Amino acid sequence: MPTRSLDAIRADFPALARREREFPVAYFDGPGGTQVPQSVADAITDYLLHHNANTHWAYPTSSETDAMLDDARAVFADFFNASPAEIAFGNNMTTLTFHLSRGLARGWKEGDEIVVTELDHHANVAPWHAIARDHRLVVRTVAMDKRTFRHDPNALAAAIGPRTRLVAIGAASNALGSITDVAAVCAMAREAGALSFVDAVHFAPHNLVDVQTIGCDFLACSPYKFYGPHAGVLFGRQALVQALDIPKLDPAPHDAPEKLETGTQNHEGIVGSAAAVKYLASIGGAEGTRREQLVRAFKALHQRGEALVAQLWDGLSTIPGVRLYGPPPGTPRTPTVAFTLRGHTTTDVAQRLVRCGLYASNGDFYAKTVADVLGRGEDGFVRAGAACYTSADEVDRLIRAVREITPTRMDA
Numbered sequence: 144m145p146t147r148s149l150d151a152i153r154a155d156f157p158a159l160a161r162r163e164r165e166f167p168v169a170y171f172d173g174p175g176g177t178q179v180p181q182s183v184a185d186a187i188t189d190y191l192l193h194h195n196a197n198t199h200w201a202y203p204t205s206s207e208t209d210a211m212l213d214d215a216r217a218v219f220a221d222f223f224n225a226s227p228a229e230i231a232f233g234n235n236m237t238t239l240t241f242h243l244s245r246g247l248a249r250g251w252k253e254g255d256e257i258v259v260t261e262l263d264h265h266a267n268v269a270p271w272h273a274i275a276r277d278h279r280l281v282v283r284t285v286a287m288d289k290r291t292f293r294h295d296p297n298a299l300a301a302a303i304g305p306r307t308r309l310v311a312i313g314a315a316s317n318a319l320g321s322i323t324d325v326a327a328v329c330a331m332a333r334e335a336g337a338l339s340f341v342d343a344v345h346f347a348p349h350n351l352v353d354v355q356t357i358g359c360d361f362l363a364c365s366p367y368k369f370y371g372p373h374a375g376v377l378f379g380r381q382a383l384v385q386a387l388d389i390p391k392l393d394p395a396p397h398d399a400p401e402k403l404e405t406g407t408q409n410h411e412g413i414v415g416s417a418a419a420v421k422y423l424a425s426i427g428g429a430e431g432t433r434r435e436q437l438v439r440a441f442k443a444l445h446q447r448g449e450a451l452v453a454q455l456w457d458g459l460s461t462i463p464g465v466r467l468y469g470p471p472p473g474t475p476r477t478p479t480v481a482f483t484l485r486g487h488t489t490t491d492v493a494q495r496l497v498r499c500g501l502y503a504s505n506g507d508f509y510a511k512t513v514a515d516v517l518g519r520g521e522d523g524f525v526r527a528g529a530a531c532y533t534s535a536d537e538v539d540r541l542i543r544a545v546r547e548i549t550p551t552r553m554d555a
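Going letter by letter, the sequence shown gives residues 144 to 555 in our numbering.
Structure representation (structure tokens):
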């Protein structure tokens with residue numbers, strides 16, 4: 144069954160009507176947060192105007208809220224290939240990870256070990272360091288290979304030992320776009336008797352998550368990276384979460400998954416997040432189950448993303464003074480490109496791009512260790528990412544705009 148065309152997808156995003164002077168805005172800031180389709184905004188508005196209530200009470204808006212939250216768990220169960228009882232919501236991935244880490248640490252002993260990596264966003268590093276300080280645990284950090292922009296599998300294997308309690312691994316680098324074989328890493332952890340936590344924030348917008356194939360114990364992502372509102376979602380294996388001694392209010396639910404959710408949740412954000420997944424499924428056509436629709440949609444979007452990243456990489460690589468970071472096209476990666484331009488700060492480049500209606504991020508993107516290891520700790524990178532609404536014409540505009548910057552201060 145055919146998937147929806149790029150023109151049809153672009154028509155769903157009101158933000159694409161924005162202009163910067165005479166230029167239509169092209170959003171290359173998706174790795175930091177995408178635009179939302181009208182259907183997501185409508186779902187949020189509908190909840191707030193017609194169903195807004197707290198949960199588990201006798202009146203209709205409360206029961207409607209309960210049903211909508213149950214539906215959201217079912218939607219994300221399809222998104223992850225999991226059970227609805229394994230889906231927890233929160234403010235964002237960082238908050239969920241800090242909260243989970245505190246519960247896990249209550250079952251660990253002084254001298255137990257956690258494995259993290261240099262390639263990860265600090266949301267998958269700092270929470271583990273925090274509990275290590277509190278509980279006198281040991282954190283082992285796996286280095287990034289500066290040639291491949293990936294982990295050395297042998298170094299990962301060497302870091303996992305008999306006292307390893309958890310391996311925290313990112314599925315894709317939010318700064319460089321490189322993809323990690325997290326299934327292999329989770330298998331290493333499992334063989335050593337350790338738990339695995341996967342940060343899928345940058346992976347989930349571009350590749351359909353399958354927690355059964357990955358074999359992880361926990362996985363977190365952020366719907367605002369795939370056309371939803373600002374929120375976080377956590378998958379946790381039901382038996383593990385049920386046994387977890389998580390910090391919580393005593394009257395709050397004691398069972399998975401609600402025991403992971405502190406206080407009243409952002410109901411409208413959860414409803415909007417579910418609407419984002421439903422939107423992605425709609426790209427795959429109406430036939431089959433929602434999971435089957437998602438499989439088709441992500442296959443099509445992945446193919447488009449591969450073409451766009453190759454176009455962007457090839458175009459930027461011909462510009463004097465441009466340095467590209469990350470694995471080249473044709474290797475496992477997301478459609479996210481990090482680059483610098485000699486003689487210009489990344490802020491200067493990003494600001495000049497704005498004048499042409501091109502919105503791209505710059506900095507270290509909280510992947511601070513990546514920037515430090517690559518010698519970019521002070522200024523970071525310019526980052527351009529493709530989303531479902533990105534066109535080849537927009538990529539051409541970006542390449543031309545970067546090329547036009549170069550003559551002014553090449554020797555500065």
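C-beta: ideal position from N, C-alpha, C; glycine also. Note that this is a predicted model, so its numbers are computed, not measured.
query: Sub-8 Å separation of Val344 and Val328 beta-carbons; result: no
query: Reduced DSSP category for Phe171 - H, G, I as helix; E, B as strand; rest coil; result: coil
query: Close beta carbons around Pro400, own chain, < 7 Å, minus the five adjacent residues each side; result: Ala228, Glu229, Ile230, Ala231, Gly379 and Val384
query: Length of the line joining the Cα atoms of Ala286 and Glu261; result: 5 Å
query: Length-filtered (4 minimum) alpha helix (DSSP H) runs lying within the stretch 424-470; result: 433-460
query: Nonlocal neighbours in the same chain, by C-beta distance under 7 Å from Ile303, ignoring five residues either side; result: Val258, Val310, Met331, Ala332, Ala335 and Ala337
query: Pair within 8 Å by beta-carbon distance, Met211 and Gly375; result: no
query: Straight-line gap, Ala217 to Gly415 (C-alpha atoms, nearest Å); result: 14 Å
query: Whole-angstrom distance between Arg546 and Arg161, CA atom to CA atom; result: 24 Å
query: Sequence-distant residues of the same chain with beta carbon closer than 7 Å to Gly431, five excluded per side; result: none
query: Cutoff 7 Å; reference Thr407; Cβ partners in own chain excluding five residues on either side; result: Asn197
query: Start and end residues, alpha helix (DSSP H) containing Thr307; result: Counting along the chain, Thr307 falls outside any alpha helix (DSSP H), though it belongs to the beta strand (DSSP E) covering Thr307 to Gly313.
query: Separation of Leu541 from Leu392, as counted between CA atoms; result: 50 Å
query: Three or more C-beta pairs below 8 Å linking the stretch 516-535 and the stretch 167-179; result: yes
query: Collapsed DSSP secondary structure at Thr512 in the structure displayed; result: helix
query: From Val525, Arg466, Asp539 and Ile548, residue whose alpha carbon lies closest to that of Arg498; result: Ile548
query: Sequence-distant residues of the same chain with beta carbon closer than 7 Å to Asp398, five excluded per side; result: Gln385
query: Element boundaries [alpha helix (DSSP H), containing Asp185]; result: Gln181 to His193
query: Straight-line Cα distance separating Glu521 from Ala453; result: 28 Å
query: 8 Å Cβ cutoff, Asn197 in contact with chain C; result: This model lacks chain C altogether, as it is built from one protein chain only.
query: 8 Å Cβ cutoff met for Pro372 and Ile187; result: yes
query: Cut-off 8 Å between Cβ atoms - residues of its own chain near Ser148, not counting five sequence neighbours on either side; result: none
query: Rounded separation between Pro145 and Leu192 - CA only; result: 35 Å
query: For Asp491, the nearest candidate out of Ala481, Lys511, Pro478 and Val525 (CA to CA); result: Val525
query: Beta-ladder partner(s) of Asp288, from DSSP; result: Arg293
query: For Ile322, the residue or residues it bridges with in DSSP; result: Ala315
query: Distance between beta carbons of Arg283 and Glu253, contact taken as under 8 Å; result: With a Cβ gap of about 16 Å, Glu253 and Arg283 do not count as contacting.
query: Other residues of its chain near Ala443: CB distance less than 6 Å, five sequence neighbours each side excluded; result: Thr146
query: Exposure of Glu165, with buried meaning 16 or more beta-carbon neighbours within 10 Å; result: exposed
query: Distance between beta carbons of Phe361 and Phe340, contact taken as under 8 Å; result: 4 Å
query: Reduced DSSP category for Asp353 - H, G, I as helix; E, B as strand; rest coil; result: coil
query: Proximity of Leu451 and Leu351 at Cβ, strictly below 8 Å; result: no
query: Start-end ranges of the beta strand (DSSP E) lying completely within the stretch 358-427, minimum 3 residues; result: 361-364 and 375-379
query: Start-to-end residues for the beta strand (DSSP E) that takes in Val480; result: Thr479 to Leu484
query: DSSP state of Arg339 mapped onto helix, strand, coil; result: A quick correction: the sequence has Ser, not Arg, at residue 339. Three-state result, Ser339: strand.
query: Under 8 Å between C-beta atoms of Leu423 and Ala440; result: yes
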